[in-house]
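Okay, so here's the structure we're looking at.
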Amino acid sequence: MKYKIKLLVLPTLLLFMLFSACSDVLDSAPDGKISLDEVFSDNDKTAAYLSSAYLYIPGGGAATFFHCRAPAVWCDEAWDTDAEAEPWISSGNLYNGSASASSHPIINNGGGVNANNGDYWNRLWQGIRKCSVFLSRIEKAPVNSEANRSRWIAEAHLLRAYYYMELLRWFGCGLPIEEQPYTLDFDYTPVKKASYYETVKFILSECDLALSSHDLPWRITSSAEAYRLTKGVAEGIKSRMILYAASPLYNEGQNYWEEAYQINKTSLANLRSQNFELYNKINFPGTWKDENAYFDSDYAALFNEYFCNTMAWSDNPIDKETIYQTNAGQDLAHHIDGIGAQYQYKTGTCPSQELVDCFETIDGEPILNLAKPYNDEVTHLNPNLNPKSLYKEEDPYANRDPRFYATIYYNGSKRYCYWPFDESEGSPENYPARAGVHTRIIATWDGEPQTGISPTSRKLTRTSYFQRKFNHPMGGDQGTVSPGLAQPKAIRLAEIILNFAEAAAEANHLEEARTAVNEIRARVGMPAISAGLSQAELLLRIRNEQRVEFALEGNRYYDVRRMHNPNEDLEKTDRWITAMWITRNADGTYTYKRGPVSKERLCYTNKFLWLPIPMNEVNIMKSLTGDNWQNPGW
23 MKYKIKLLVL PTLLLFMLFS ACSDVLDSAP DGKISLDEVF SDNDKTAAYL SSAYLYIPGG
83 GAATFFHCRA PAVWCDEAWD TDAEAEPWIS SGNLYNGSAS ASSHPIINNG GGVNANNGDY
143 WNRLWQGIRK CSVFLSRIEK APVNSEANRS RWIAEAHLLR AYYYMELLRW FGCGLPIEEQ
203 PYTLDFDYTP VKKASYYETV KFILSECDLA LSSHDLPWRI TSSAEAYRLT KGVAEGIKSR
263 MILYAASPLY NEGQNYWEEA YQINKTSLAN LRSQNFELYN KINFPGTWKD ENAYFDSDYA
323 ALFNEYFCNT MAWSDNPIDK ETIYQTNAGQ DLAHHIDGIG AQYQYKTGTC PSQELVDCFE
383 TIDGEPILNL AKPYNDEVTH LNPNLNPKSL YKEEDPYANR DPRFYATIYY NGSKRYCYWP
443 FDESEGSPEN YPARAGVHTR IIATWDGEPQ TGISPTSRKL TRTSYFQRKF NHPMGGDQGT
503 VSPGLAQPKA IRLAEIILNF AEAAAEANHL EEARTAVNEI RARVGMPAIS AGLSQAELLL
563 RIRNEQRVEF ALEGNRYYDV RRMHNPNEDL EKTDRWITAM WITRNADGTY TYKRGPVSKE
623 RLCYTNKFLW LPIPMNEVNI MKSLTGDNWQ NPGW
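Residue numbers for the sequence shown follow my numbering, so the first one is 23 and each next one is one higher.
This is how it looks when you write it as structure tokens:
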């Protein structure tokens, strides 16, 4: 029997979006004191309403509670030291498998919503609803400038596309398409989810509407308009989402790779025509070429410099690669998400041995057989080494891709900063240095009291590695640079280039794919991938390149999922995360042996390919539509 909701104040934000009940929240302006009719009868209030629709963009970076670099620490890229030190926070619960549709640590991450990271279902739907309300009223609103009206309409379509993109990335399921906000007497019983592909097509159409506006800029050139969306963002969303739609987890057995190739080819060409290009020059040599920065090559310095600086709002910025950055900041990268000994507090993100294994040797050879990286495919303790590479197990960090040295602090690295402790005899590499500003060797062997490996200590490393990618080389209490300098790069040109490479290879345009991936490699001085590889071999190289280029940026969490089939699990990637357990010998040499971080992660089963839709939302929709909208396994 059909029924209509007449007057309800509904308990969840999803229902606020889908079912438009008559509530003060929906029918009032952002401050809750004036009606929407009043808002959209005034130019400035109309602009303010659009601004309020921006408030739900996830910040990313290290801004998930508590300064957690999510989702990098929730996949095979890294381990979070808080999983043991503070097991009630998201990583600890996730690793223990303590997740349900009613309480999931990624959605309810222990400390509320930080920088819009968390509570994704409710908040993203709230953002979508605001965009829909805005678009339903803007045509008749008395806007002072028709150019503004055109731009605002484009932004609202694009912002709605952005929120749908985020929902698809996290929840991996088709979604109901809202083009108009639902009215009070709407009959909800026929509401259905579109398929994943249909939802992506809607996102693409929203982006195309934004791109058709003559008044939406390609990049933001003034700090007064910081973080507004642009045509560059539209092309980035199109590139990403059609790639997802073609991937095994989401394609429902259909082949969309040629479509993904064509869309990515066009998006990449459009971005290049608007002067987007890879960051390819050291712009701050006084810092990144200083001897105390400890970069062995200009290529490593260049790559690290890019991630330690924020994109400028300019029509000709130094950074022409970043398409969109969020305002979350990197949240004290050297303070509580770097080397814990620097402040005697916490390390946070510890890159995994699996991530380290992805960095090729400088001759351009992978150190592992990419078709089967580990002979023990689950525990990863027996690497299937590539005999052609320069890799040596007794000297594992020599002769590696420059991005390795820009991304990872490893046993034998050096860092110049303020160290707040006197060195003890237990740290022979650094004894007898006193507290102060000086260079410390980052020794990560088992038993080293300041930067060594430990299964429990919050300030030490779980894996024998610390992250360097977002860690300014002069960051610290010596006062040379403030923390939180750089902001997360949510979309950048390198992603669109590698999206194009993947789609081109999948669609059998192999030479175009090879050319694209080689552009990424050339930026850091890595040899070109040679011609003559089979399609399968080239795809393995492209996907390894994605892991290296986007290490610790969060991409891997989504990529490892979309590359699985719906009936598979994450056992071979996410069940066991490994470390390099290092012994310091009496003669000062080191012995290297792989081992598990501590215990297996329990967040690898099939259901963890998707986040669950919150149970209260599922119950509401089942009562209204008769369908169970929950994701598999939850």
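All residues carry an ideal CB built from backbone N, CA and C; glycine is no exception.
Contacts around Tyr186, its chain only, beta-carbon distance under 6 Å, and the 5 residues preceding and following it disregarded: If you number the sequence shown from 1, residue 186 lands on position 164. For Tyr186, where only same-chain residues beyond five positions count, the Cβ hits under 6 Å are Ile225.
Closest to Ala111 by C-alpha separation, out of Thr332, Ser122, Gly134 and Thr595, would be which residue? Mapped onto the sequence shown, residue 111 falls at position 89. The question names Ala, but residue 111 in the sequence shown is Ile. The residue with the shortest Cα to Cα distance from Ile111 is Gly134.
Could you tell me which residues DSSP pairs with Lys615 in its beta bridges? The count along the sequence shown starts at 1 and reaches residue 615 at position 593. Beta-bridge pairing links Lys615 to Trp603.
Pull the bridge partners of Gln347 from the DSSP assignment, please. Numbered from 1 along the sequence shown, position 325 holds the residue referred to as residue 347. Bridge partners of Gln347: Lys511.
Assigned secondary structure, Ala216 (DSSP; H/G/I helix, E/B strand, else coil): The residue you call residue 216 lines up with position 194 of the sequence shown. DSSP places Ala216 in coil when its eight states are reduced to three.
Once the 5 residues before and after Ser476 are set aside, which same chain residues still bring their CB inside 6 Å of it? Mapped onto the sequence shown, residue 476 falls at position 454. Leu482, listed in sequence order.
In the DSSP assignment, the beta strand (DSSP E) including Ala100 goes from what residue to what residue? What you label residue 100 is simply residue 78 of the sequence shown in a count that begins at 1. Per DSSP, Ala100 belongs to the beta strand (DSSP E) from Ala100 to Asp102.
CB-CB under 8 Å to Asp591, same chain, minus the five flanking residues each way: which ones, in chain order? Position 569 of the sequence shown, counted from the first residue, corresponds to residue 591. If we look at Asp591 and ignore the five residues flanking it on each side, its Cβ neighbours are Tyr626, Thr627, Asn628, Phe630 and Leu631.
Do you know how far the Cα of Ala267 is from the Cα of Glu228? Position 206 of the sequence shown, counted from the first residue, corresponds to residue 228. Position 245 of the sequence shown, counted from the first residue, corresponds to residue 267. Approximately 16 Å between the Cα atoms of the pair.
Check the Cβ-Cβ distances between Asp596 and every residue of chain B, and say whether any is below 7 Å. Of the protein chains in the structure, only one exists, and it is not chain B.
Around the Cβ of Leu77, are there at least 16 other Cβ atoms within 10 angstroms (buried) or fewer (exposed)? The residue you call residue 77 lines up with position 55 of the sequence shown. Looking at its Cβ environment, which holds fewer than 16 other Cβ atoms inside 10 Å, Leu77 is exposed.
Helix, strand or coil for Ser154? Go by DSSP, reduced to three states. By one-based count along the sequence shown, residue 154 stands at place 132. Helix at Ser154.
Mind checking Arg294: buried by the 16 CB within 10 Å criterion, or exposed? The count along the sequence shown starts at 1 and reaches residue 294 at position 272. Under this definition Arg294 is an exposed residue.
Exposure label - Lys436; buried when at least 16 CB within 10 Å: Counting from one through the sequence shown, the residue named residue 436 turns up at place 414. Exposed is the call here.
For the alpha helix (DSSP H) containing Ser295, name the first residue and the last one. On the sequence shown, residue 295 is found 273 positions in, with the first residue counted as 1. Its alpha helix (DSSP H) spans residues Trp279 to Ser295.
Over what stretch of residues does the beta strand (DSSP E) that includes Pro373 continue unbroken? On the sequence shown, position 351 is the one that residue 373 refers to. Thr371 to Pro373 is the span of the beta strand (DSSP E), which, as asked, contains Pro373.
DSSP state of Phe193, grouped into three classes? In the sequence shown, residue 193 corresponds to position 171, counting from 1. It is helical.
How would you call Asn138, buried or exposed, if buried means at least 16 neighbouring beta carbons within 10 angstroms? Residue mapping note: residue 138 aligns to position 116 of the sequence shown, counting from 1. Answer is buried; the Cβ neighbour count reaches 16.
How is Ala43 classed by DSSP in three states: helix, strand or coil? Here residue 43 is taken as the residue at index 21 of the sequence shown, counted from 1. Residue placement at Ala43 is poorly supported in this model, since its pLDDT is 28, which falls under 50; the coordinates still yield a value, given next. Three-state DSSP puts Ala43 in coil, outside helix and strand.
Throw me the rounded Cβ distance for the Ser446 and Pro471 pair, which I believe falls under 8 Å. Sequence index remark: in the sequence shown, residue 446 carries index 424 (1-based). Sequence index remark: in the sequence shown, residue 471 carries index 449 (1-based). So it is a contact: roughly 7 Å between Cβ atoms.
Using the beta-carbon count (16 or more within 10 Å), is Thr485 buried or exposed? Position 463 of the sequence shown, counted from the start, is the residue given in the question as residue 485. It is buried - the Cβ of Thr485 has at least 16 other Cβ atoms within 10 Å.
Taking a contact to mean a Cβ-Cβ separation below 7 Å, would you say Leu561 touches Leu532 in this structure? What you label residue 561 is simply residue 539 of the sequence shown in a count that begins at 1. What you label residue 532 is simply residue 510 of the sequence shown in a count that begins at 1. Against a cut-off of 7 Å, the Cβ pair of Leu532 and Leu561 comes out as no contact.
May I ask you to list the residues that DSSP assigns as paired with His179? The sequence position of residue 179 within the sequence shown is 157, counting from 1. DSSP output for His179 lists no bridge partner at all.
Taking the straight line between their C-alpha atoms, what separation do you get for Ser154 and Met263? Position 132 of the sequence shown, counting from 1, holds the residue named residue 154. Position 241 of the sequence shown, counting from 1, holds the residue named residue 263. Answer to the nearest angstrom: the Cα atoms are 21 Å apart.
Sequence-distant residues of the same chain with beta carbon closer than 6 Å to Thr332, five excluded per side: Reading the sequence shown from its first residue, position 310 is the one you call residue 332. These residues qualify, in order along the chain: Ala508 and Gln509.
Buried/exposed call for Glu517, threshold 16 Cβ in 10 Å: If you number the sequence shown from 1, residue 517 lands on position 495. Buried, by the Cβ-count rule.
Apart from the five residues just before and just after Asp318, which ones in its own chain have a Cβ nearer than 7 Å to its Cβ? Within the sequence shown, residue 318 is the residue found at index 296, counting from 1. Tyr427.
Under 6 Å: does the beta carbon of Lys67 sit that close to some heavy atom of the ligand PLP? The ligand content of the structure shown is nil, which means the ligand PLP is not present either.
Span separating the alpha-carbon of His89 from that of Asp444: Your numbering for residue 89 matches position 67 in the sequence shown. Your numbering for residue 444 matches position 422 in the sequence shown. Cα-Cα distance, rounded: 27 Å.
For Arg191, count the other beta carbons within 10 Å of its own beta carbon; 16 or more makes it buried, fewer makes it exposed. Which is it? Walking along the sequence shown from the start, residue 191 turns up at place 169. Arg191 comes out buried.
Pull up the distance between the alpha-carbon of Ile519 and that of Gly648, whole angstroms please. What you label residue 519 is simply residue 497 of the sequence shown in a count that begins at 1. What you label residue 648 is simply residue 626 of the sequence shown in a count that begins at 1. The alpha-carbon atoms of Ile519 and Gly648 are separated by roughly 43 Å.
Would you kindly report the start and end of the unbroken alpha helix (DSSP H) that includes Tyr440? Within the sequence shown, residue 440 is the residue found at index 418, counting from 1. From DSSP, Tyr440 is part of no alpha helix (DSSP H) but of the beta strand (DSSP E) over Ser435 to Trp441.
How long is the line joining the alpha carbons of Asn493 and Arg584, rounded to whole angstroms? Start at 1 with the first residue of the sequence shown, and residue 493 comes out as number 471. Start at 1 with the first residue of the sequence shown, and residue 584 comes out as number 562. Cα to Cα, Asn493 sits roughly 29 Å from Arg584.
Go ahead and pull the three-state DSSP assignment for Leu324. Here the question's residue 324 lines up with position 302 in the sequence shown. Note: Leu324 maps to helix in three-state DSSP.
Tell me where the alpha helix (DSSP H) around Gly258 begins and ends. The residue you call residue 258 lines up with position 236 of the sequence shown. Run containing Gly258: Lys253 to Ala268, per the alpha helix (DSSP H) assignment.
If we require 4 or more residues per run, which alpha helix (DSSP H) segments fall completely within the stretch 428-486? none
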